[in-house]
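Visitor: Quick one: this structure, given as structure tokens, is what I'll be asking you about.
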Amino acid sequence: MKCTTISKTAIIEFSKQTSVPFLSQIDSINSIINNFNKDKEIINECSIRVHRKIDEKNKLIEELDKEIERVHKELKALKIKDDKKQKIFSFLNQKYKSYMKRLKYNVTQDTFIDENKYIPYHDGASVFDHESGGLLECMQISYLAAILSNRNKGYAVGHPGLLLLDSLSKYLGTIKPEYHQEQEQGEERINDPEMYEEIYNILIELSSNN
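With my numbering applied, the sequence shown covers 150 to 359.
Below is the structure:
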């Protein structure tokens, strides 16, 4: 009976409304702490994502650096090739003009080998635009002779050093007159003995050097 009374008394005492000092302040602080913890979790998650992105970007930067290095090497190689190309064409043009002079043609800046089309020009017109048979033959011989001379300088390693020519006498004034009467009027022959003798001298020189 006594125990029952004690229990009832305890229940009554615990059932009474207790007054906790600064309860509202404590609740506010707890709320702030909870919000802070949530924000911290969000920040931590964002930080992890940011670090992942940074790692991805760093890897991308490394790959781009390697690509830039590769491109720089290619550009350097292209520059070397371009420099070599300039040397080759400089020599080609020099020899081409030299051979054209030997064949008694006036040589100006309009007599050259085009660097992009690889076609010989004289007086600003390409070998495909001239109509004079004699001039065409001299342009072609000078062009081919320049290439063979280029080989001797080590600029045309893959060239076999072989030159095949057909019907050289067609425009050299060495065949019968009646044959020339059948040719078109635009096909001009070379009637200068010194000129076509020089052609053979050029061919003999090329044969000796290749």
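Don't be surprised by glycine CBs; every beta carbon is placed ideally from N, CA and C. Note that the coordinates shown come from a computational prediction; the quantities given were computed from them, not determined experimentally.
Is the region 230-249 close to the region 295-306, with three or more CB pairs under 8 Å?
Guide: The answer is yes - the region 295-306 touches the region 230-249, with three or more Cβ pairs under 8 Å.
Visitor: If you run the structure through DSSP and keep just helix, strand and coil, what is P342?
Guide: P342: helix per DSSP, three-state reduction.
Visitor: Can you have a look at T242 and say buried or exposed, based on whether 16 or more other CB atoms are within 10 angstroms of its CB?
Guide: According to the sequence displayed, residue 242 carries Asn and not Thr. Buried, by the Cβ-count rule.
Visitor: Would I348 pass as a contact of C287 if the rule is Cβ separation under 9 Å?
Guide: Cβ atoms of I348 and C287: closer than 9 Å.
Visitor: Using the C-alpha atoms, what's the distance from A274 back to G335?
Guide: Here G335 scores only 41 on pLDDT, less than 50, and its place in the model should not be relied on; the value that follows carries that caveat. Each residue's Cα considered, the two are about 16 Å apart.
Visitor: Counting only the same chain and skipping the five closest in sequence on each side, list residues whose C-beta sits under 6 Å from that of H200.
Guide: Nothing listed; no residue qualifies.
Visitor: Just the C-alpha distance for L352 and I290, rounded to the nearest angstrom, thanks.
Guide: Each residue's Cα considered, the two are about 9 Å apart.
Visitor: Kindly list the residues whose CB is nearer than 7 Å to the CB of L355, restricted to its own chain and excluding five residues on each side of it in sequence; keep chain order.
Guide: Hits under 7 Å: A294, L297 and L312.
Visitor: Is it buried or exposed for Y345, if we count other Cβ within 10 angstroms and need 16 for buried?
Guide: Buried, by the Cβ-count rule.
Visitor: Using DSSP bridges, identify the partner residues of Y270.
Guide: Answer by DSSP bridge pairing, in chain order: F261 and S275.
Visitor: Select from K244, K189 and N207 the residue whose C-alpha is nearest the C-alpha of T262.
Guide: What sits at residue 262 in the sequence shown is Ile, not Thr. Among K244, K189 and N207, the Cα nearest to that of I262 is on K244.
Visitor: Tell me where the alpha helix (DSSP H) around H308 begins and ends.
Guide: Per DSSP, H308 belongs to no alpha helix (DSSP H) and is neither H nor E.
Visitor: For the alpha helix (DSSP H) that contains K253, what are its first and last residues?
Guide: Note, K253: premise wrong, no alpha helix (DSSP H); not H, not E.
Visitor: Using CA atoms only, rank isn't needed, just tell me which of L252, S177, E212 and K187 is closest to Y292.
Guide: It is L252.
Visitor: Taking a contact to mean a Cβ-Cβ separation below 9 Å, would you say V256 touches I268 in this structure?
Guide: Not a contact, by the Cβ cut-off of 9 Å.
Visitor: Quick check on DSSP: helix, strand or coil for Q334?
Guide: For Q334, the predicted model reports a pLDDT of 44, less than 50, meaning its position is unreliable; a value from the coordinates is still stated below. Correct three-state label for Q334: coil.
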